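Presented below is the structure to which this report refers.
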Amino acid sequence: IPTFCRDATKNYFVISLMKNLFTIIVAVFITLLEINFLGGFSNFGLSINLSLLIILSLIFLDHLDEALLWLAVSSIILDIFSPYVFGLNIIIMLTVYFIFTTWALKAIKEINFTTASWLIIVGVFCYQILWAMLQTAYWSLLVGLVANFIIGIPLFLFIQKVYPKQEKLRIL
4 IPTFCRDATK NYFVISLMKN LFTIIVAVFI TLLEINFLGG FSNFGLSINL SLLIILSLIF
64 LDHLDEALLW LAVSSIILDI FSPYVFGLNI IIMLTVYFIF TTWALKAIKE INFTTASWLI
124 IVGVFCYQIL WAMLQTAYWS LLVGLVANFI IGIPLFLFIQ KVYPKQEKLR IL
């Protein structure tokens, strides 16, 4: 390998590592700011989730890797300092992330200010709905998910044997 290629690869790796390290440090700082200073607004029924807003903004700007890194750092810190079950923020933020990366961004061709504003409202609404659902019924939801998975897979295999896949009729 020519030396200029090795140097370019090495420099790209170092720059990428420094960028990720900077993102982690900023995510920790913003999340701690959110926990310590913005948490007081929740007494008035206002819940400001800076981490979610930043993750949604990164998704809309098509920085999915940085959004996932931000999601991992901020949701783990939020869960560590949360009085609720550990993993609640991780599950909810991952769900919102996958909703927007798999469905919403594929359905929308261009994201401008207006579209991003509406998508932020939808993202925060999804987060709040999931938070309310999981906070009240976290264990029953988890047990129901596992039980349905355990029963559903053998049931699918059985139905697949009974009803084999049929060829569709072609109409000219």
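Oh and the sequence shown: position 117 is 120 in the working numbering, straight run, nothing missing.
All C-beta atoms, glycine included, are put in the ideal place defined by N, C-alpha and C.
Note that the structure is predicted; figures quoted are calculated from it, not measured.
Residue environment, residue i, which counts as buried when at least 16 other CB atoms sit within 10 Å
i    : result
G155 : exposed
Y130 : buried
V99  : buried
L64  : exposed
N115 : exposed
N52  : buried
A70  : buried
L137 : buried
Short Cβ contact (8 Å threshold) for residue i with residue j
i    : j    : result
W134 : I95  : yes
L91  : D82  : yes
L108 : I62  : yes
A30  : S77  : yes
E37  : S54  : yes
L72  : I27  : yes
I111 : T118 : yes
Helix, strand or coil at residue i according to DSSP, with G and I counted as helix
i    : result
E113 : coil
G155 : helix
V259 : Residue coverage of the chain in this structure runs from 4 to 175, which leaves residue 259 outside it and unanswerable.
S120 : helix
Y87  : coil
Y166 : coil
S19  : helix
F161 : helix
F7   : In this predicted model, F7 has a pLDDT of only 48, less than 50, meaning its place in the structure is not dependable enough to derive any value.
Supposed close pair residue i, residue j - CB separation, criterion 8 Å
i    : j    : result
I93  : I57  : Actually they are not in contact, since the Cβ atoms of I93 and I57 sit about 16 Å apart, beyond 8 Å.
G126 : F103 : 6 Å
Quiz prompt | Complete alpha helix (DSSP H) runs within the segment 24 to 81 (minimum length 4 residues, chain order) | solution = 53 to 63
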